[in-house]
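The listed protein sequences derive, respectively, from chains Y and H. According to UniProt numbering, the first sequence is numbered sequentially starting from 1. According to UniProt numbering, the second sequence is numbered sequentially starting from 1. This report refers to the structure that appears directly beneath it.
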Amino acid sequence: MARRETGRLSWVAKKQASGAHKRSQSVRGMEAGALPAGVGAGSGAPAGSAGYGAAMAVAAAAPGAQASPTPGSTLNILDQPLARQRGEVSLSAYLLLFCELVAYSRNRVSSVVALEARLAAVGYRVGERALEYVCAKSGKPLPRETRILGILNFVVTNLWRFLFGKNADSLKKVGNSDAEFYIEEVEPLVNTFVSVPKDFGALNCAAFQGGIVHGILSAAGFECEVTTYVRDDSSKPGSAEVTMYYIKFSNEVIQRERRLAG
Amino acid sequence: MAVAGLKGKRQRVKEAAGALSMSKGGNMQKLGELALQKGERVPVELLALTYGSLVRQVIADYESIEEVNKQLDLMGYNIGVRLADDFFAKSGVSDCRSFQDSAEIVAKVGFKMYLNVQASVDLWNADNTAYSILFDENPLAEFTELPEEYAQLSFSNLVCGVIRGALEMLLLVVKCEFVRSTLQGNEMNEIRISLVEMLRESAPEDDED
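So this is what it looks like as structure tokens:
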């Protein structure tokens, strides 16, 4: 599947290769997806562009657009199968990197809110690339999700399982609103070794994961806002703190949802 | 998850160029593999995407590529300082008595244990104060290509910082840099490490009376 996809995608890439990408930022490959997502999703994501097909095509177009295959490498990065088995690295390595990411960000902001926003921004770029990868990795072609519940289920099961090895703990709807949902998680992976000093108040480093959720929803054509909270759950003495990713979809998404519901 | 797949799969090991001193390093490699399997793991992709996003952030924060390289190295150094403890607690490596020992340990155990990468030590200089670590798969740079204007970016410079920081905890001050990388079109990655100074262990000055 991946092979066929990349074939088609690099064709798209060639079509767009005629410039316009000179301003492309930094690093290409999956990395460069940020550029097109900024273009596609940032502009309000019209209902028609929802779904993976669109997202994948654009995401891959940018790297291809500048592709002058690196001398010496056998396969262009676009021709390498996305779903190939890549193995695993140690959790300590990942969490040490994450701690350093927090430390780096902390030294460049003046408030807890700004720190969370920075972490979320880094997570956002992970999320918008993760969509393509999670789809390719699932083995069989996934149907394109166009409905809110469908995409949210995809996030709490497929995305969570691929990135963190388990499902998210729960997905809930806010009482009387069609646009608001939240995902709960007791032990976010990135918080495993994080202890928040008192003077940092309600800092929750899982804002990074909230950013991932935001990124993947945007890439799939579901514009939304994602906020990450800590909720004290005094009813359960064992696990006092629960992380909540609160998701509020934008008006276009809600209108589309109503239309699709018929 | 990918755990099951990993076990069944033969590691894609392409031998790095040059004669490998496998007889000596074989044991070390096993230590690294063991430590990796014992601990918890995350998929390579999560690390690669997070690191890529982090590098972009640093690029956005600093104007010159040199400064970006420096920041990545610095972040790596901070990681390395903490990693040294973690390493000796989990790896099963008990002693590291010389600069030559440290080379084998970093390449064979460290790279395997943390990054699941098969690396080798080679290209020692005449007086044994500099060597290269060679490896071809770089999990940090998975999914990455460098555009031409970033040709000077040492994308995985973080790794150099980690090595520098960890070795400094062993009282070895080293200089560490990428000389070849697959991102820049070479067929393998090479990190050159040269010894600058061996610190002497001394009691901390402000020790209690």
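Even for Gly, the Cβ is constructed at its ideal location relative to N, Cα and C.
Notebook entry, point to check: To which residues of the same chain is Glu-201 (chain H) closer than 8 Å at the C-beta, ignoring the five residues directly before and after it?
Noted result: Leu-171
Notebook entry, point to check: What in chain H is Cβ-close to Ala-220 (chain Y), meaning under 7 Å?
Noted result: Correct list: empty, because the minimum Cβ distance to chain H is about 16 Å.
Checklist line | Pairwise C-alpha distance: Leu-131 (chain Y) and Pro-141 (chain Y) | finding: So the alpha carbons of these two residues sit roughly 13 Å apart.
Notebook entry, point to check: At which residues does the alpha helix (DSSP H) containing Leu-97 (chain Y) begin and terminate?
Noted result: 91 to 106
Note to self: Can you tell me whether Asp-86 (chain H) is buried or exposed? The criterion is at least 16 other CB atoms within 10 Å of its CB, across all chains shown.
What the structure shows: buried
Next item on the list: Name, going along the chain, the residues of the region 64 to 94 of chain H whose beta-carbon falls closer than 7 Å to a beta-carbon of chain Y.
Entry: The residues in question are Met-75, Asn-78, Ile-79, Arg-82, Leu-83 and Asp-86.
Notebook entry, point to check: Could you give the uninterrupted runs of the beta strand (DSSP E) lying entirely in the region 72 to 159 of chain H, keeping only those of 3 residues or more?
Noted result: If we require 3 residues or more, the beta strand (DSSP E) runs fully inside the region 72 to 159 of chain H come out as 120 to 122 and 130 to 135.
Check: In the DSSP assignment, what are the bridge partners of Val-230 (chain Y)?
Finding: Y:Thr-243
Note to self: DSSP three-state label for Arg-256 (chain Y), please.
What the structure shows: helix
Check: CA-CA distance, Glu-190 (chain H) and Val-213 (chain Y)?
Finding: Answer to the nearest angstrom: the Cα atoms are 36 Å apart.
Next item on the list: Below 7 Å between beta carbons is the criterion; list the residues of the region 113 to 141 of chain Y that meet it against any residue of chain H, in chain order.
Entry: Val-122, Arg-125, Val-126, Arg-129, Ala-130 and Tyr-133
Next item on the list: Tell me, to the nearest whole angstrom, how far the beta carbon of Leu-36 (chain H) is from that of Ser-105 (chain Y); I am working on the premise that it is less than 8 Å.
Entry: Rounded, the Cβ-Cβ distance is 29 Å, inconsistent with contact.
Check: Is Arg-108 (chain Y) near the ligand MG, judged by its Cβ being under 8 Å from some heavy atom?
Finding: In the structure on display, the ligand MG does not appear, and there are no ligands present to speak of.
Check: Alpha carbon to alpha carbon, how far is Val-112 (chain Y) from Ala-202 (chain Y)?
Finding: 8 Å
Next item on the list: Output yes if chain A places a C-beta closer than 9 Å to the C-beta of Gly-201 (chain Y); else output no.
Entry: This model lacks chain A altogether, as its protein chains are Y and H.
Check: Rounded C-beta distance between Tyr-131 (chain H) and Val-121 (chain H)? I'm assuming under 8 Å.
Finding: 6 Å
Next item on the list: Counting only the same chain and skipping the five closest in sequence on each side, list residues whose C-beta sits under 8 Å from that of Thr-182 (chain H).
Entry: Asp-136, Asn-138, Ala-141, Met-188 and Asn-189
Next item on the list: Look at the Cβ atom of Ala-84 (chain H), then the Cβ atom of Ala-203 (chain H), and state whether they are nearer than 9 Å.
Entry: no
Notebook entry, point to check: Which residues in the same chain have their Cβ closer than 6 Å to the Cβ of Val-174 (chain Y), if we skip the five residues on either side of it in sequence?
Noted result: Glu-180
Next item on the list: Give the DSSP-derived three-state secondary structure of Asn-186 (chain H) in the structure shown.
Entry: coil
Next item on the list: Reducing DSSP to helix, strand and coil, say where Val-196 (chain H) ends up.
Entry: strand
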